[in-house]
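Read the structure below first, then the notes.
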Amino acid sequence: MKKCRVCGNKNLVDVVNLGSLALAGVFPESKSVFVPQAPLVLTKCHGDESCCHLLQLVHTYDLDQMYGENYGYRSGLNEHMIKHLKGKVQYILDMLDLSEDDLVLDIGSNDGSTLGFYPKHIKTLVGIDPTAKKFASFYSDNVKLLMDFFSKAMYEKSFGGRKAKVITSFSMFYDLPDPVHFAQEVSEILDKQGIWVLEQSYMPTMLDKASYDTICHEHLEYYGLRQIKWIMDKANLNIVDVSFNEINGGSFSVTVAHKEYSGKKFTSKVSDVLKSESVYSELKPFRTFAEQIETVKYELLEKLKQLKNEGKKVAAIGASTKGNVILQYCGLDTSLLEVVGEVNDDKFGKFTPGTYIPIQSEDTVLASSPDFLLVLPWHLHSFFDSSEKFKEYNLIYPINTFDS
922 MKKCRVCGNK NLVDVVNLGS LALAGVFPES KSVFVPQAPL VLTKCHGDES
972 CCHLLQLVHT YDLDQMYGEN YGYRSGLNEH MIKHLKGKVQ YILDMLDLSE
1022 DDLVLDIGSN DGSTLGFYPK HIKTLVGIDP TAKKFASFYS DNVKLLMDFF
1072 SKAMYEKSFG GRKAKVITSF SMFYDLPDPV HFAQEVSEIL DKQGIWVLEQ
1122 SYMPTMLDKA SYDTICHEHL EYYGLRQIKW IMDKANLNIV DVSFNEINGG
1172 SFSVTVAHKE YSGKKFTSKV SDVLKSESVY SELKPFRTFA EQIETVKYEL
1222 LEKLKQLKNE GKKVAAIGAS TKGNVILQYC GLDTSLLEVV GEVNDDKFGK
1272 FTPGTYIPIQ SEDTVLASSP DFLLVLPWHL HSFFDSSEKF KEYNLIYPIN
1322 TFDS
């Protein structure tokens, strides 16, 4: 990449390098299956106020490799995500009075969980997702499923000039090689009185928590609200609301609409957040982040090596994209971790990419009575700390920068 994906600035400064890692969202079926490797290097769009200051990956990767048959994430298996998605739909219903003739579109619809929370009177629910073929059986019968990457052309092939009253894109806007073009196409199919709600990891929170596992081949961009505003300005859309949550280690939800939109707006919140992000124009926060994640990595390795020397049995929990970044960046394989427990039965019998740790059912791993459990989904620490299921186990969090 020679210029910023959003503003075209050619002054790019590399700030973080996690090394060359196997594609973290691909789960091989055997140790003999090679998972393609690619570098994970973050660069910052840098300069004066004429640039957008986006933090982004240097490289763009093959979409078909990342979102092929071995893509492993499914929303419906995570009870916290299900509760969150239900809340997102309720927010939308509070923002708009939807009628049965309105069209609702979810881009990156995964297993259809979000669409399943809309009232039954809405007749046109649409999901778009290139990975949805393996999840099609989980969709409600009243959902029109388009199994491809989103484009205005593919949408209009099915719906012509009909506009969408609601468009959602959760945990996918940071995956786009050309986010400005994507936003412009969304703008063209969005009803003048409709809203687009997008949610993704929040870059300042990633830096504050040293959550380097957010960095993966799928996530090309690492946004603050400033960069979202830059993109929406190019798409002739206004930001009407912003909120924050703890999903995926810290995310922010942005609601945008056309200038003609006359519904609810919370613009004072938007202004306050934009002002708070001025510090991220400088390089210092990113340099500090790079140093901090090295420290977090070192502390985890020392802990696991000590347990190994003491003859302790250590297993991991949560075979996920984020978890695979942790395993690979820290160089954790079967010499330190015997197995990874997982709740998604589609991953049972497979291996973690790059590190080739076997994946078994979570119940099987817990029944083997490991001395310690490395909780790869560390951002769910509140759940694990309070869960009856895990209370008898010694838990280790690979990133422990959260507030206790």
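Just add 921 to the spot in the sequence shown (first one is 1) and you have the numbering used here. Note that CB positions come from ideal geometry on N, CA and C, so glycine has one too. Given the structure is predicted, the values throughout are model-derived calculations rather than measurements.
- In the structure shown, ILE1278 falls within a coil segment according to DSSP collapsed to helix, strand and coil.
- Between GLY1262 and GLU1283, the C-beta gap is smaller than 8 Å, which places the two residues in contact.
- It is roughly 6 Å from the alpha-carbon of LEU939 to the alpha-carbon of TYR1250.
- Contiguous beta strand (DSSP E) elements confined to the region 946 to 989 occur at 958 to 966 and 976 to 978, taking only those with 3 or more residues.
- Given a length threshold of 4 residues, each whole run of the alpha helix (DSSP H) inside the region 1197 to 1254 is given here in chain order: 1205 to 1230 and 1242 to 1250.
- Burial is judged here by how many other beta carbons sit within 10 angstroms of a residue's own beta carbon; GLU1181 has fewer than 16 and is exposed.
- Within 10 angstroms of the beta-carbon of HIS1042 lie fewer than 16 other beta-carbons, which makes it exposed.
- Annotation: LYS1073 to HIS1005 spans about 28 Å, alpha carbon to alpha carbon.
- Partner residues in a beta bridge of GLN1148, as assigned by DSSP, do not exist.
- For THR1273, no alpha helix (DSSP H) segment is defined, and its DSSP state is neither H nor E.
- If only uninterrupted beta strand (DSSP E) runs of at least 3 residues are considered, those enclosed by the region 1052 to 1111 are 1064 to 1067 and 1085 to 1091.
- One Cα belongs to LEU1158, the other to SER1090, and the distance between them is close to 15 Å.
- Between VAL1286 and ALA1240, the gap from beta carbon to beta carbon reaches 8 Å or more.
- Under the three-state reduction of DSSP, GLU1142 is assigned to strand.
- Nearest neighbour of GLY1048 by Cα position, chosen from PHE1056, GLY1033, PHE1059 and GLU1139, turns out to be GLY1033.
- Just measuring C-alpha positions, the residue of VAL1296, THR1126 and VAL934 sitting nearest ASN1315 is VAL1296.
- Distances from the CA of ALA1085 to each of ASP1129, ASP1112, VAL1191 and ALA1053 were compared; the closest alpha carbon is that of ASP1112.
- Excluding its 5 nearest sequence neighbours in each direction, ILE1013 has C-beta neighbours in its own chain below 6 Å: VAL1087, listed in chain order.
- For PHE1304, the closest of GLY1008, PHE1056, GLU1000 and LEU976 by C-alpha to C-alpha distance is GLU1000.
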